[in-house]
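What follows is one structure encoded as structure tokens, with my remarks underneath.
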């Protein structure tokens, strides 16, 4: 039996709904005007929809903002952030004060120009890049279904609501995500579409002739069309959506800048302050005679009552959780501390790799890691963008999630790389799950906006990206990444791992799973690689770089390499007639975070320094210096077998030896 009733609860609000909506409009106008920048149009247009949603339906508790079974709300059109900030202040989130509204868009305020995730201030996800909020919400809705399948209705039973606009639906990721939501029949996802026919450049006729109703019906969604300023229609539509067997789109016909005397319904209301005279006229039109940022006690009290309406539901849920056999499992999953669980698994894997010394691609050793990890950690939710067999992301313990059965742990995302990455952000933001999924590294180009947003939000997501270089071979330069290591390393708070063998791969997985506040990218090979590392207790990959093979005394040559080129460095070291040290660099980002003493111990010596990586040079100069030798790619790849390509582009043992001897002769 569902604990989140489909019918709209009776309102505890006696005051006029229009005045409650106008409070949102007034605060939005005032904050944008005070900031001298911002977007008043969307909050003014959507205020009526928001008032009905929060007062009649949304299950939330400002006093317990991390309540696991709260409804999720995502403002996909993040430029309309003042709507969210206004409502969160009005409903009583402690952190969202009136001073925060007055400091909208100012340094140090939590009221940024576009919302930035802060659960205890009522912000579920960072939004702004259009379309991504909608795609992230698909992940949240899927997380609810997955956990409902495990814990049941008594513990997990909530909805995911989204407000989006025309811009969101123009973005390609909206197609990827909404198609997936329809395929998986995420019936507890309800999207409120701000159908105002306005974009920045003017009327949407300039750019947008889609039949949105038919588009979403083709996805398998339930679609309704309503007047977005009619409270009864809004309430009826949401109530119907809650009992639908499909995900729902409610097309809310609204007027951007509702109430503004000359700018209502115009693109001029979109992205700039209305101006003092326009605001004065809007106050008159709305019957709002109050000073800037003034909310009468009666209206504020009505909104605060809305903020208290779900408290009893929270208490009831907490009692059910306390009495549930799933309490410990649920609590641990949401706490997100897995180091104790995975440490013995990683130790076991390292011993096996060291003993067996397999010559396998790191995508294969990654799959071997996942065989053990997925079997013992149910909250690992895997997937692939239609490359499961190539990415080695599906294992014996994997069970595919589908619309008939959400009690699985593997998602067939289809060829939807951007949607997949955004969906994983949503799975992580929801809490209680740890998402990973695979594609080719080349297609990080499609995923990167969501990887970046995940990094900004400090979300634990593991991107498994295989076929990481010209080692991919015959598929050619369209599929061979060359600039991608550098491009991903350039994203702040993102960690790219390029392990050289199974032991480094296991250590990379250990670090990625334990890192609670950043995404990781595992760049893995297609081609087989020898096992180079011995078993060890310490996770040396966590240092980012370490001495894999040393020499007697001070080195004459130091070879730095990552991934599939480390074995070339080891082979070259045996052929160079000098003292040679080999440094494996599985994660450049982590190496740069080490203390100066450790960093300098590897780079501050008088040796000849050479770096080897089957990508472009960018990023390596910080390690080897601008005048040192780099052996790698200077342009795009080609179509040929992998060994032919390595010879053709000069990434070989002989090339390393020749470069070292040349530099040694110049030095002497």
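Residue numbers (the working numbering): 388 to 1055. Positions of the beta carbon are idealized from the N, C-alpha and C atoms, including for glycine.
Where DSSP assigns a beta bridge to residue i, which residues make up the other side?
i: residue 505; result: 510
i: residue 850; result: 824 and 908
i: residue 948; result: 971 and 999
i: residue 459; result: 547
i: residue 655; result: BP columns for residue 655 are empty, so no partner.
i: residue 586; result: 589
i: residue 376; result: Lying outside 388 to 1055, the shown extent of the chain, residue 376 is not represented and no answer is given.
i: residue 857; result: The partner list for residue 857 (beta bridge, DSSP) is empty, contrary to what the question assumes.
i: residue 787; result: 797
i: residue 1016; result: 997
i: residue 640; result: 582 and 614
i: residue 771; result: 799 and 825
i: residue 936; result: 969
i: residue 577; result: 548 and 635
Count the other C-beta atoms from every protein chain shown that fall within 10 angstroms of the C-beta of residue i, then say buried if there are 16 or more, exposed otherwise.
i: residue 417; result: buried
i: residue 1041; result: exposed
i: residue 1055; result: exposed
i: residue 388; result: The pLDDT assigned to residue 388 is 31, lower than 50, so where the model puts this residue is not dependable, and the model offers no usable value.
i: residue 914; result: buried
i: residue 1052; result: exposed
i: residue 940; result: exposed
Nearest CA to the CA of residue i: which residue from the options?
i: residue 460; options: 950, 447 and 623; result: 447
i: residue 537; options: 713, 587, 928 and 522; result: 713
i: residue 800; options: 567, 489 and 451; result: 567
i: residue 597; options: 557, 590 and 626; result: 557
i: residue 809; options: 1031, 516, 968 and 432; result: 516
i: residue 958; options: 431, 939 and 1039; result: 1039
i: residue 924; options: 1012, 915 and 734; result: 734
i: residue 847; options: 721, 918 and 791; result: 721
i: residue 932; options: 960, 836, 875 and 980; result: 980
i: residue 691; options: 927, 530, 930 and 474; result: 474
i: residue 599; options: 615, 582 and 614; result: 582
i: residue 611; options: 571, 617 and 625; result: 625
i: residue 407; options: 684, 527, 781 and 984; result: 684
i: residue 445; options: 677, 562, 701 and 591; result: 701
i: residue 994; options: 983, 1010, 985 and 982; result: 1010
i: residue 921; options: 753, 874, 736 and 1000; result: 736
i: residue 507; options: 534, 472, 500 and 489; result: 472
i: residue 789; options: 991, 755, 570 and 928; result: 570
i: residue 989; options: 1021, 962, 943 and 811; result: 943
i: residue 533; options: 572, 505 and 509; result: 572
i: residue 1014; options: 526, 935 and 1050; result: 1050
Sorted by chain position, which residues of the same chain lie with C-beta nearer than 6 Å to residue i's C-beta, five sequence neighbours on each side aside?
i: residue 750; result: 779, 853 and 911
i: residue 860; result: 1028 and 1029
i: residue 609; result: 631, 633 and 635
i: residue 725; result: 900
i: residue 946; result: 956, 969 and 997
i: residue 1007; result: 998 and 1017
i: residue 491; result: 418, 422 and 498
i: residue 754; result: 779
Taking 7 Å as the cut-off, decide whether the C-beta atoms of residue i and residue j are in contact.
i: residue 555; j: residue 521; result: yes
i: residue 1081; j: residue 541; result: In this structure the chain extends from 388 to 1055, so residue 1081 is not present and cannot be described.
i: residue 950; j: residue 885; result: yes
i: residue 673; j: residue 646; result: yes
i: residue 547; j: residue 564; result: no
i: residue 871; j: residue 828; result: yes
i: residue 495; j: residue 560; result: no
i: residue 663; j: residue 650; result: no
i: residue 470; j: residue 437; result: yes
i: residue 851; j: residue 823; result: yes
i: residue 467; j: residue 430; result: yes
i: residue 821; j: residue 767; result: yes
i: residue 787; j: residue 795; result: yes
i: residue 449; j: residue 694; result: yes
i: residue 1046; j: residue 817; result: no
CB-CB under 8 Å to residue i, same chain, minus the five flanking residues each way: which ones, in chain order?
i: residue 882; result: 898, 899, 902, 905, 906, 907, 908, 974, 976 and 977
i: residue 464; result: 429, 514, 517, 520, 550, 551, 552, 554, 555 and 581
i: residue 728; result: 763 and 764
i: residue 864; result: 1023, 1024, 1025 and 1026
i: residue 805; result: 522, 559, 560, 563, 833, 834, 836 and 837
i: residue 986; result: 978 and 979
i: residue 744; result: 917 and 918
Leaving aside the five residues before and after residue i along the sequence, list all residues of the same chain whose C-beta is less than 7 Å from its C-beta, in chain order.
i: residue 657; result: 426, 428, 585, 587 and 643
i: residue 880; result: 842, 845 and 905
i: residue 574; result: 631, 632, 633 and 634
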